[in-house]
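Numbering (the UniProt record's numbering), first residue to last: 1 to 306. Positions of the beta carbon are idealized from the N, C-alpha and C atoms, including for glycine.
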């Protein structure tokens, strides 16, 4: 008898559209693999819906704080429904960029210098010599991220918008010029390294989820030593936070800084995108795992107490 999988998707934040795309793709792949699938557009009544549905596994295709920050994981733990990806603690730590960087640094993984300020403080005056990056301490898909260039006279005033939805705590970190590299970890194996090339200001929401928004170079054309380091640091970060299932680490690499350049870990994503243009499925395919096989692997890897 096939497992009944509830694919959790949608939600109510900025990343609802990409979550619906991810969920639809994963649901179709799982049905093709012989699973019984129910797509659940997650609302505030998700506990009642899942209690009535009684699935064998919850496939977490949610993005944003509720889906990635330990909240839905806590609900699933209470309901004792095995679920995919990382558990409560690892999810909460990865979503909080400040706490995650403390752990990464302690694990010997290079990270950027940063400070934590309020949104108002970040908008009032430079809190760090430009160039630097301002980002919400706990949000996803690059929402609310600003690059403050070296010749900028004052911080971005968009931070003071009345319709701001990305929280009040902001991380300000040194800007690392150069190349964007990323590497997914599947279980306890680091997959290939991709270089992301985009004409946009940086690898933002549009670049991540729009056809043609970015070019993915896989395998990345970097020195073997750097390629290996990206894989080693990705697996080390995955392990340091106590992650499970599938994760993806994003790096900046300044190949003009000295003989081997400067490589730093920006963040770890516990719910990497699973759309047709997403990086982790592409890297899994490069390693010989089809999209359907990756989705099935996540279901079979599911558990509680993660």
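Backbone secondary structure at residue i - three-state DSSP
{"i": "residue 152", "result": "coil"}
{"i": "residue 303", "result": "strand"}
{"i": "residue 208", "result": "Low confidence applies to residue 208: its pLDDT is 46, below 50, so where it sits in the model is not reliable enough to give any reading."}
{"i": "residue 218", "result": "coil"}
{"i": "residue 186", "result": "strand"}
{"i": "residue 63", "result": "coil"}
{"i": "residue 109", "result": "coil"}
{"i": "residue 289", "result": "coil"}
{"i": "residue 122", "result": "helix"}
{"i": "residue 296", "result": "helix"}
{"i": "residue 90", "result": "helix"}
{"i": "residue 68", "result": "helix"}
DSSP beta-bridge partners of residue i
{"i": "residue 252", "result": "180 and 264"}
{"i": "residue 41", "result": "9"}
{"i": "residue 239", "result": "The partner list for residue 239 (beta bridge, DSSP) is empty, contrary to what the question assumes."}
{"i": "residue 146", "result": "134"}
Extent of the continuous beta strand (DSSP E) run through residue i
{"i": "residue 136", "result": "132-136"}
{"i": "residue 162", "result": "Segment: none, residue 162 is in no beta strand (DSSP E) and carries neither H nor E."}
{"i": "residue 171", "result": "169-174"}
{"i": "residue 115", "result": "114-118"}
{"i": "residue 129", "result": "Neither: residue 129 is in no beta strand (DSSP E) and is coded neither H nor E."}
Rounded C-alpha distance that separates residue i from residue j
{"i": "residue 205", "j": "residue 144", "result": "Residue confidence for residue 205 is low, a pLDDT of 46 falling below 50, so the modelled location carries little weight; the figure read from the coordinates is stated next. Cα to Cα, the separation comes out at about 10 Å."}
{"i": "residue 189", "j": "residue 235", "result": "7 Å"}
{"i": "residue 187", "j": "residue 232", "result": "14 Å"}
{"i": "residue 116", "j": "residue 2", "result": "48 Å"}
{"i": "residue 126", "j": "residue 250", "result": "26 Å"}
{"i": "residue 311", "j": "residue 130", "result": "Past the boundaries of the shown model lies residue 311; the chain is included only from 1 to 306, so the question cannot be answered."}
{"i": "residue 111", "j": "residue 41", "result": "36 Å"}
Extent of the continuous alpha helix (DSSP H) run through residue i
{"i": "residue 98", "result": "97-106"}
{"i": "residue 359", "result": "The question about residue 359 has no answer here: the residues shown for the chain are numbered 1 through 306."}
{"i": "residue 25", "result": "16-32"}
{"i": "residue 73", "result": "71-79"}
Contact between the region 11-31 and the region 264-283: three or more CB pairs below 8 Å? Yes, they touch.
Contact between the region 32-40 and the region 65-80 is defined here as three or more beta-carbon pairs at a separation below 8 Å; is this criterion met? Below 8 Å, too few C-beta pairs join the region 32-40 and the region 65-80 to call them touching: fewer than three.
Does the region 256-266 touch the region 46-61, meaning 3 or more C-beta pairs lie closer than 8 Å? Verdict: no, contact absent.
On the three-pair Cβ rule with 8 Å, is the region 84-91 touching the region 221-232? Because the criterion of three Cβ pairs below 8 Å is not met, the region 84-91 and the region 221-232 do not touch.
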